Structure formats: C-alpha cells, structure tokens
Amino acid sequence: MLKSQTPAPETEARPPSHLFYLSSLRRPLVDRAEGIYIWTQDGRRFIDGSSGPMVANIGHSNRNVLDAMKRQMDRATFAYRLHFENEPAEELARQLAAKLPEGLDRIFFVSGGSEATESCVKLARQWAVATGQASRWKVITRFPSYHGGTLGALAVTGDDALAETFAPMMQVMPAVPAPAAWRDRDNLSMEQRGIRYADMLEEKILAEGPESALAFIMEPVGGAATAALVAPDSYYPRIREICDRYGILLIHDEVMSGAGRTGKFLGGDHWNCKPDIVALSKGLGSGYAPLGALAAPMRLVQPLLASGGFQHGHTYAGNPLACAAGLAVLGEMDRLDLIANAADKGDLLMGELKGLAKRFPFIADVRGKGLLLGAEMVADPDTLRPIAPAKKATQRLLDLAYERGLIIYGRKVKGGVDGDNFMVAPPMIVTAEQIGEIVAIIGDSLQVLAGELDLPVEG
C-alpha cells in the first residue's frame, strides 16, 4: 500500500476564516502549482487528478500563458465592451470560431460556465421572440444534469439536491431521463436503447406542446451530475433529427467536455453532432482567468441585432486580460498537441480504470471520453443496488485519495441524492508515468474503502 499523507493537524495555528462555502471544513493553504501538481504551504504535494473541477486543462503555471497575461497587464486589464473593442477578444473569437463546427462563428464572451449556459438560454428565447415565435419558451433538459448555479442555469439543471430550495423562485423546466443505458435490464441492443432515450425527447415535446418548446439542452459527455455519462452512438443523430423536426434549438453544454478534454475540441465532435448553440468555459481559460463563451450561427444572432440587440450582458464580458489568457491557452493546446494527448492518455487511463473495475467489482461502470472519465460504484454489481447513502462512499473515497496526495472528483449521480461515483480528469499534459501514479493511489484508496464498507474485492 502507498504511504498515506494525512492532512495537517487540527491544532495547527490558523486564524479563523471569514470565508464560507460548503462547510466549515478547513483545507490546507495552497502555496504553488506547476504542471499537474499543487503544493501546500506545509510542503505537501498533491496530484491534481481532476484538474480542479475539470478546469486546468493545460496544467498549472504554464510560462507561455503567464507571459502573455503579463504583456496584456502592461497594456490594459479592463475595457468595457460598450466603450471599446479590444484585440485579444477579437482574435480569440476568430480563433475559437475556426475550431468550432462550421457556422458557429458568432461568439459572446462571459466569465464562467453558469453565465455561458444562461446566455445560451437567453439567446434562444430572444431569437424566438424576434422571429415571431414568442410562444416558445420551454427549455427541455435531462435528469440528472448540471448546467450551473445561477437561477436561470439552475432552472435547466436536473438535480433535486441543488434545486429544491430555490424551486419557488424560478421556472423549473421539463426534463427527460439522461441516457443511462448501461443500467437498463432489457432485451434491447445499445443502439436501440439510444433511440429509445432520444425518442423520450419527442414524447416530452408532444406532451408539453410543440408550440411552447424552445430548446433542448444537454451535455454530449456528462459532467459531475452523471460522472462522464456517454449515450449510445445512436442517440446523438436522433436527437438532432427530433430538434429539426419540431423547430427547436439544440444547445450543447460543453462547459466541462469542451476545449479538447475529450480528445476532440468539442465532445459533440465525436458524433459529428452539430448544435445550434454551444456553451464553453472551464478549459477555455484553463484556470488562468475567468472565461467562458457562447457560440451561435449568424442566422440566430442577426434577428436579435435587427430587433435592438442582445438584451443581456456581463461586466467582464470580453475582458482583455481574460481573453489574452484564453488566446495563450489555445496556443499551448496547439503547440503541445494536447487534444491528441488527451485522446491517447485517455485510452490508457480508461484501460487502467477498467482494470480496477475487475479488481473491485463494486465498480459497475467505467465511462467517458478522453480525459473526462467516470466510474460508478454500487453495493451489488449484479442488481446494481446502490451503496446506502448513509455510508457516504463517494466522499469517503475522495477523502482517502486526498490523504494520499491525489485529488479526484465526485458527486451523487441520481439527482444529487444517491448514486456513488468518482471522476478522473487530470490535465491534458499528463504522462503515462503520471497516470500510473494516479491509478495506484486510486487502487489503494478503493482497497481501504472496500474494507471499511464491506464491498466485494476480487482475489
């Protein structure tokens, strides 16, 4: 077993924090970060096996990005879009459009993922109004899913744990089941299951009334809400067909799956599935600056411009410093061929995780694309009975890995209240040797978890 790196003692002299977040749990103070590693002020080293929350795609402290940001800082750090245009934003929009499916060439910059998805929804609605389709307002989503924490983004998020408190304050949108076809126990092929799940969208459109349906929002490769869920291949073209049939817009939330993480620039590129609108963030700025984007075709943007403009905006939209960072991130992705490395090392990591699943049969499914991978854990691999929520298996596994110097990710995958999993998504610069170290720590942590929760282990 690997030597455990235990957290700093509770008695360590630390002033009380005026910050608050999820709980009162204190974490060690970060000192520096480089590559896939983060060091704390007490000298411990952590492997960033999840790129934070799948953000640090190109790794930490890339010198070329930092130098580009410094050059921009010496010129201007802020210029409001109503007053000035700026070169970094213009050039980033041009380069980003060149990497997206043809026609998705109008870009609106924001500061993060929630802003990006909410901007997509607001663009869709304003397009409908501007084109005489004001009856369309319902954005159909999937359950479970996650599209952000603002009230607008939360309204299209399928997560009971997050949404319940705020439900009276927002218009909760209709949902269809996420395509968790691997769980189904029937006589259908995976291709048939994919069609069945896609057809649930058509059923929902008809039930809600096609005249009221505006858009369908989905993650091509799932994020935290589904632990990198991938639908059967047949799902994606059928969804596109249904959206076209009823004149609704297809929105791809690529906040987590985009910017190269899955081994393609967009997750949807694996199926040549072209959305009408796409949301990007996280890896686009790669943790160097708050940055996100909406991309849409001119056919959707022009009616808005003709009717008075996009009734939406954020103070830091198109910020020159953030866009300079984004430009440098794209440059490093190309220079280091990181999308190809995400595909290659993702295949290696997938194989290693499937090896762990053989050793620990309570891992019922390993899934994902590239370096966005997830594994779902159950109490009984035959019946897929979930681990009792009271055992807090996901959090315990994350804690065990953290004690051993590895950061991985996890959230309940059945609406935020049930379904244990873990996600592994290291920076796209990861090497084969580093993957070996990551997998060894996960294996050690799973061994301890199995012993504590009496879960099955082979051999």
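Its first residue numbered 265, the sequence shown is counted upward by one per residue in my numbering.
Note that CB positions come from ideal geometry on N, CA and C, so glycine has one too.
Since this is a predicted model, take the numbers as computed values, not measurements.
{"query": "Can you tell me whether H282 is buried or exposed? The criterion is at least 16 other CB atoms within 10 Å of its CB, across all chains shown.", "result": "exposed"}
{"query": "Decide if P650 is buried, meaning its Cβ has at least 16 other Cβ atoms within 10 Å, or exposed.", "result": "buried"}
{"query": "Grouping DSSP H, G and I as helix and E and B as strand, with all else coil, what is R303?", "result": "The sequence as given places Trp at residue 303; Arg does not occur at that position. DSSP places W303 in strand when its eight states are reduced to three."}
{"query": "Of the choices R389, P408, Y410 and R406, whose alpha-carbon is the least far from that of R400?", "result": "R389"}
{"query": "Quick one: grab the DSSP three-state call for E467.", "result": "helix"}
{"query": "Can the beta-carbon of A491 be found closer than 7 Å to that of M641?", "result": "no"}
{"query": "Buried or exposed, going by whether 16 or more other CB atoms sit within 10 Å of the CB of Q435?", "result": "exposed"}
{"query": "If you measure between the beta carbons of M437 and V393, is that distance less than 7 Å?", "result": "no"}
{"query": "Could you pull the start and end residues of the alpha helix (DSSP H) that E354 belongs to?", "result": "E351 to K363"}
{"query": "Can you say whether T270 is buried or exposed, counting buried as having 16 or more other CB atoms within 10 angstroms of its CB?", "result": "Any reading at T270 needs caution, since the residue's pLDDT is 38, under 50, leaving its predicted position unreliable; the model's value is listed next. T270 is exposed by the Cβ-count criterion."}
{"query": "How far does the beta strand (DSSP E) with R370 in it extend, from its first residue to its last?", "result": "R370 to V374"}
{"query": "Rounded C-beta distance between G313 and L670? I'm assuming under 8 Å.", "result": "5 Å"}
{"query": "Could you pull out every residue in the same chain whose Cβ sits closer than 8 Å to the Cβ of N350, ignoring the five residues on either side in sequence?", "result": "A340, A343, G582, P584 and C587"}
{"query": "In this structure, does DSSP put P430 in helix, strand or coil?", "result": "Before going on, a small fix: residue 430 reads as Phe here, not Pro. In this structure, F430 counts as helix in the three-state DSSP scheme."}
{"query": "Mind reading off the beta-carbon distance from L530 to S545? Whole number of angstroms is fine, and I expect it under 8 Å.", "result": "Not really, about 13 Å apart at Cβ, beyond 8 Å."}
{"query": "How far does the beta strand (DSSP E) with A297 in it reach, from first residue to last?", "result": "V294 to E298"}
{"query": "Among G619, P653 and L478, whose alpha-carbon lies nearest the alpha-carbon of L387?", "result": "L478"}
{"query": "To the nearest angstrom, report how far apart D517 and E483 are at their CA atoms.", "result": "5 Å"}
{"query": "Could you tell me if T647 is buried or exposed, where buried requires 16 or more neighbouring beta carbons within 10 angstroms of its beta carbon?", "result": "exposed"}
{"query": "Is the number of C-beta pairs between the region 565 to 579 and the region 535 to 543 that are closer than 8 Å three or more?", "result": "no"}
{"query": "By the three-class DSSP mapping on this structure, what secondary structure does D540 have?", "result": "coil"}
{"query": "CB-CB under 7 Å to E457, same chain, minus the five flanking residues each way: which ones, in chain order?", "result": "A quick correction: the sequence has Arg, not Glu, at residue 457. Cβ neighbours of R457 beyond the five flanking positions: A445, D448 and P496."}
{"query": "Could you check whether W391 and P567 sit closer than 7 Å to each other, using their CB atoms as the reference points?", "result": "yes"}
{"query": "Given a threshold of 16 other Cβ atoms within 10 Å of its Cβ, counted over all protein chains shown, does R504 qualify as buried or as exposed?", "result": "buried"}
{"query": "Please confirm whether G610 and G638 have their CB atoms less than 7 Å apart.", "result": "no"}
{"query": "Starting from the C-beta of E382, find all residues in its chain whose C-beta is less than 7 Å away, skip the five residues before and the five after it, and write them out in chain order.", "result": "G412, T414, G416 and A417"}
{"query": "How would you call E366, buried or exposed, if buried means at least 16 neighbouring beta carbons within 10 angstroms?", "result": "exposed"}
{"query": "In the structure shown, what three-state DSSP assignment does L637 receive?", "result": "strand"}
{"query": "Would E274 be called buried (16 or more neighbouring beta carbons within 10 Å of its own) or exposed?", "result": "Unreliable placement is indicated for E274, whose pLDDT of 43 sits below 50; the coordinate value is still reported in the next sentence. Looking at its Cβ environment, which holds fewer than 16 other Cβ atoms inside 10 Å, E274 is exposed."}
{"query": "Give me the Cβ distance between P690 and I702, rounded to the nearest whole Å; I'm assuming they're in contact under 8 Å.", "result": "6 Å"}
{"query": "Please classify Q659: is it buried, with 16 or more other beta-carbons within 10 angstroms of its beta-carbon, or exposed?", "result": "exposed"}
{"query": "Please state the DSSP three-state secondary structure of S281.", "result": "coil"}
{"query": "Starting from the C-beta of A443, find all residues in its chain whose C-beta is less than 6 Å away, skip the five residues before and the five after it, and write them out in chain order.", "result": "Reading the sequence as shown, one finds Pro at residue 443 and not Ala. Taken in chain order, the residues that qualify are Y461, A495 and Y499."}
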